[in-house]
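Before any comments, here is the structure.
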Amino acid sequence: MTTDSTQVNTTTPADTIIHNTIILDGDPVGFAGESADDWLAEAGGVVIARGRGSGWQDLSTSARVRTIDAGGAYLAPAYVDIHCHGAGGSSAEDGEAGLDEVLAVHRRHGTRSLALSFVSDTIEGLCHSLSTGARSVGEKPAVLGLHAEGPFLSPDFKGAHAPEVLTSPTPEAVESILTAADGTLAQITIAPELPGALDAISRFASAGVSVAIGHTAAGYEEAARAFDAGASILTHTFNAMPGIHHRAPGPILAAIEAGHVTLELINDGVHVASAPARMLAHLAPGRIALITDAMAATGMADGRYKLGSLPVRVEDSVARLLGENGSIGSIAGSTLTMDEAVMRAVTEVGMSPLEAVRAASLVPLRALGLIAEDEHSLLGVGAPADYLLLNADMSIQAENMAR
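Position 13 (the sequence shown) corresponds to 13 in the UniProt record's numbering; numbering is contiguous.
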């Protein structure tokens, strides 16, 4: 029997082998994916070998090995969400209370790890939340880091952020945020047109924080300068920013033209319709990160919730701000989950299964600098065996996650 796999340790026997599958992982150049001829072996939660053909049979000689015939299902890396405010009735601002439920809800939908996103607050309030959140990063392997979505945002594109706390970045505020997060700040969203924003972008980037442009009134030139200064993500593309106009191309085209920029996409069909999502996939292949922007109502029934300090009404799973007189305002986060985002990426946006999975796993990790630019595999030999078995429609058949 032959195999094209590479074993890390031939003395380590496999405890699980999955075969008759298509592995959606690796360099898209030369990706086969036509037939379910792939297999993967793991031991102790670590991938020890993978290949194509019948070579898996050489590793299944022990009666203790669990052999799974995937029946042609896809095998994909578990998902990563770099913009998530909450779920299960709890938000990032709630601290450790409810965090396990937040993680559990998203895990049920295929997410193995996420960045906890905080809405705008006073600098003092945000620093308190970041200091509390920093402990969670150390204690919960499923928490990749923290994301401060504000308060350095445009009042004209505030979305579901309290206008009274929005402010321009000062050197003192920037240092306070970095100190409070204590090395756990993975991402921060900034409107680059604000006074002091370019200096703040440079400072955060030099501290290893991935800087995102969002909730912004910036035009093409201002956004381009921000990307030159070190910004590398566009926060929920199309939402809370100027659109594309033939005489005012805006921040979206600036992000597309800056080859190092990752473009977040809330792919629920509500925040962004399918046609512009398809355009984005065509113009920025390999640079789209599917996100949920999920808030506390995710995994819950319709009703009234809060996003930060603002009241929210969820109806038909769509979250919108609730005015004092009962009026319905702008979209306030989402109740999207990553499995739904991936399914829609294939059925509505036209991504291939491999492209959709990469947009929900490898690209987000790359955006936060957690994997190298030239790395293409999350399920290589020696990697954690965090994977999903997916049906033909990309729905989750089974999951295996150690975190």
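Each residue gets a CB set at the ideal place from its N, CA and C atoms; glycine is no exception. Quantities reported herein were computed from a predicted structural model and do not represent experimental measurements.
**Prompt:** Are Val174 and Ala200 touching if we call contact CB-CB under 7 Å?
**Reply:** yes
**Asked** Would you report the Cα separation of Gly183 and Phe152, rounded to the nearest angstrom?
**Response** 20 Å
**Prompt:** Where does the unbroken alpha helix (DSSP H) through Thr179 begin, and where does it stop?
**Reply:** Pro171 to Ala181
**Prompt:** How is the alpha helix (DSSP H) around Ser206 delimited, first residue to last?
**Reply:** Ala197 to Ser206
**Message:** If contacts are defined as beta-carbon pairs under 8 Å, then Ser274 and Asp339 qualify, I think. What distance do you get, rounded to the angstrom?
**Reply:** So it is not a contact: roughly 18 Å between Cβ atoms.
**Message:** Looking at Ile23: is its Cβ nearer than 7 Å to the Cβ of Asp37?
**Reply:** no
**Assigned secondary structure, Ile266 (DSSP; H/G/I helix, E/B strand, else coil)** = strand
**Prompt:** With distances taken between CB atoms, is the gap from Gly145 to Ala186 smaller than 7 Å?
**Reply:** yes
**Prompt:** From Val137 to Val143, what does the alpha carbon distance come to, in whole angstroms?
**Reply:** 5 Å
**Message:** Excluding the 5 residues flanking Val318 on each side, which residues of the same chain have their C-beta closer than 6 Å to its C-beta?
**Reply:** Val270
**Prompt:** Nearest to Met343 by alpha carbon, out of Ala162, Phe204, His109 and Gly72?
**Reply:** His109
**Prompt:** Skipping 5 residues on each side, what residues in its chain have a beta carbon closer than 8 Å to that of Val65?
**Reply:** Pro13, Ala14, Asp15, Thr16, Ile17 and Leu59
**Prompt:** Taking Cβ positions, are residue 452 and Gly329 nearer each other than 7 Å?
**Reply:** What is shown of the chain runs 1 to 403, which leaves residue 452 out entirely.
**Prompt:** Quick one, are the C-beta atoms of Leu263 and Ile288 less than 7 Å apart?
**Reply:** yes
**Message:** Which residue marks the beginning of the alpha helix (DSSP H) containing Ala332, and which one marks its end?
**Reply:** No alpha helix (DSSP H) contains Ala332, which DSSP labels as neither H nor E.
**Asked** In whole angstroms, what is the alpha-carbon distance linking His161 and Ser232?
**Response** 22 Å
**Asked** Three-state secondary structure (DSSP) at Phe31?
**Response** coil
**Prompt:** Going by the beta-carbon positions, is the gap between Ala132 and Gly95 smaller than 7 Å?
**Reply:** In the sequence under discussion, the amino acid at residue 132 is Thr, which differs from the Ala named in the question. In contact: Thr132 and Gly95 (Cβ atoms closer than 7 Å).
**Message:** Out of His128, Ser90, Lys158 and His83, which one is the CA nearest neighbour of His147?
**Reply:** His83
**Request:** Given a cut-off of 7 Å, decide if Glu222 and Glu193 are closer than it, judged by their beta-carbon atoms.
**Result:** yes
**Prompt:** Which one of Arg52, Ala277, Ala212 and Leu365 has the shortest CA to CA distance from Thr347?
**Reply:** Ala277
**Item:** Whether Thr292 touches Asp81 by CB criterion (7 Å)
**Value:** yes
**Asked** In the structure shown, what three-state DSSP assignment does Leu40 receive?
**Response** strand
**Asked** Rounded to a whole number of angstroms, what is the C-alpha to C-alpha distance between Arg313 and Met300?
**Response** 12 Å
**Request:** Excluding the 5 residues preceding and the 5 following Pro195 in the sequence, name in chain order all residues of the same chain whose CB lies nearer than 7 Å to its CB.
**Result:** Ser168
**Message:** Report the start-end ranges of each beta strand (DSSP E) in the segment 224-297 that is 3 residues or longer and not cut off at the edges.
**Reply:** 262-266 and 288-291
**Prompt:** Going by Cα to Cα distance, which pick from Arg320, Gly286 and Asp302 is closest to Ala359?
**Reply:** Gly286
**Item:** Beta-bridge partners of Arg52, as assigned by DSSP
**Value:** Asp38
**Message:** Among Val272, Ser206, Leu178 and Ala229, whose alpha-carbon lies nearest the alpha-carbon of Ala197?
**Reply:** Ala229
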